[in-house]
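Chains as they are written, first to last, in the working numbering: chain F, -3 to 111; chain W, -3 to 111.
C-beta: ideal position from N, C-alpha, C; glycine also.
The block underneath contains the structure these notes are about, expressed in structure tokens.
There are 2 protein chains.
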Amino acid sequence: MHVKTRRSPCPVACTLDLIGDKWTLLLIRDMSFGRSHFKEFSQSPEGIATNILADRLARLVESGLAEKFPSPEVPGREAYRLTEKGESLRPIMMALAKWGLDHIEGTAALMKPRG
Amino acid sequence: MHVKTRRSPCPVACTLDLIGDKWTLLLIRDMSFGRSHFKEFSQSPEGIATNILADRLARLVESGLAEKFPSPEVPGREAYRLTEKGESLRPIMMALAKWGLDHIEGTAALMKPRG
DNA sequence: CCAGATACTTGCAAAATGCAAGTGTCTTTA
DNA sequence: TAAAGACACTTGCATTTTGCAAGTATCTGG
């Protein structure tokens, strides 16, 4: 199950094999802006389906880009956050954001990084 | 047909709506390294199917990221190349490549930019 | 113990992708 | 000038992924 052989040894292709689907980078965006609960992710404006969300969160954890941790606010509940490896994807996300702002009309930064 | 409404005004999401599928960025990689013919793209190691390739090339042209031009080598044949807008995606591609080289074991740069 | 909230899971429909085998159009070669 | 190849797609259908709606499980406060 999910052995997902890489398409080639090309670093671009391998990175895309890991995070190059329709939703993963948006979750990384959300986490990197301080979101951490399942419900928060599911409420992002793009409207990810809950089954896809559960699957992507599991993959992120499995690949070491994110981890579960006990929710600081609600005791007894768990949440997700980026690992250091996951944080290192930030330049990719920022490059995507910058390109969108520069080249796609009507885009706007929606979230602020939590200070 | 292909009206593709954007999922949200977020620049990350909008950019992914445009180039965030399994193949588009690999074509951009190929073009940015000097590939230009249909056959060359179809021979990249990842093995894109020809129907998908045709579809993605058409979308790239439609979105202004690439353009057809008469093949310099073979007269009477056409080829593809990035527009200026398409070239501007290079930082995204390079960020993906760098991350892969830094974090995924066994990745290696396969192509050299044409000088 | 019960109600509500969150975090999933399940079943099925719809869409995207992949594969193999065409088809159309030059271009070369005889 | 006809036939053969090469290239650039297209088509039909199987497989995989995604999306939607509804259901289940667990925890928590009252």
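* 7 Å Cβ shell around W/ILE48 - same chain, five flanking residues per side excluded -> TRP19
* Residues that W/ARG77 bridges to, as DSSP identifies them -> W/GLU63
* Selection of the stretch 27 to 59 of chain F by Cβ proximity to chain W, strictly under 8 Å -> SER40, PRO41, GLU42 and GLY43
* Under a CB-based cut-off of 7 Å, is F/GLY96 close to chain W? -> yes
* Please list, in chain order, all residues of the same chain as F/LYS81 whose beta carbon is under 7 Å from its beta carbon, the five residues on each side excluded. => GLY60 and LEU61
* **Reduced DSSP category for W/LEU103 - H, G, I as helix; E, B as strand; rest coil** => The question names Leu, but residue 103 of chain W in the sequence shown is Thr. Three-state DSSP puts W/THR103 in coil, outside helix and strand.
* Neighbour flag for W/HIS(-2) against chain F, beta carbons, 7 Å -> With a pLDDT of only 44 at W/HIS(-2), under the threshold of 50, the placement of this residue in the model should not be trusted; the figure read from the coordinates follows. For W/HIS(-2), the answer is no, since every Cβ of chain F falls outside 7 Å of its Cβ.
* To do: Say whether chain F places a C-beta atom closer than 7 Å to the C-beta of W/SER100.
  => Checking the sequence shown, residue 100 of chain W turns out to be Ile, not Ser. W/ILE100 counts as touching chain F.
* **Bounding residues of the alpha helix (DSSP H) (the contiguous stretch that carries W/LYS35)** => 34 to 38
* **Within chain F, the residues that W/THR79 reaches when beta carbons sit closer than 8 Å** => The contacting residues do not exist; W/THR79 stays about 11 Å from chain F at best.
* Inspect the beta-carbon positions of W/SER67 and W/ALA75 and report whether they are closer than 7 Å. => yes
* **Exposed unless 16 or more other CB atoms sit within 10 angstroms - verdict on F/GLY111** => Residue confidence is low: F/GLY111 scores 37 on pLDDT, short of 50, so the model does not pin down where it sits. No coordinate-derived value is stated.
* Asked: Can you tell me the Cα-Cα spacing of F/PHE37 and F/ASP98, whole angstroms?
  -> 26 Å
* For W/THR103, collect the residues of the same chain with a Cβ closer than 8 Å to its Cβ; drop the 5 residues on either side in sequence, then sort them by chain order. => GLY96 and LEU97
* Could you please give the first and the last residue of the uninterrupted alpha helix (DSSP H) stretch that includes W/LEU85? => Run containing W/LEU85: none; DSSP gives neither H nor E here.
* **Beta carbon of F/ALA93 nearer than 7 Å to that of W/PRO87** => no
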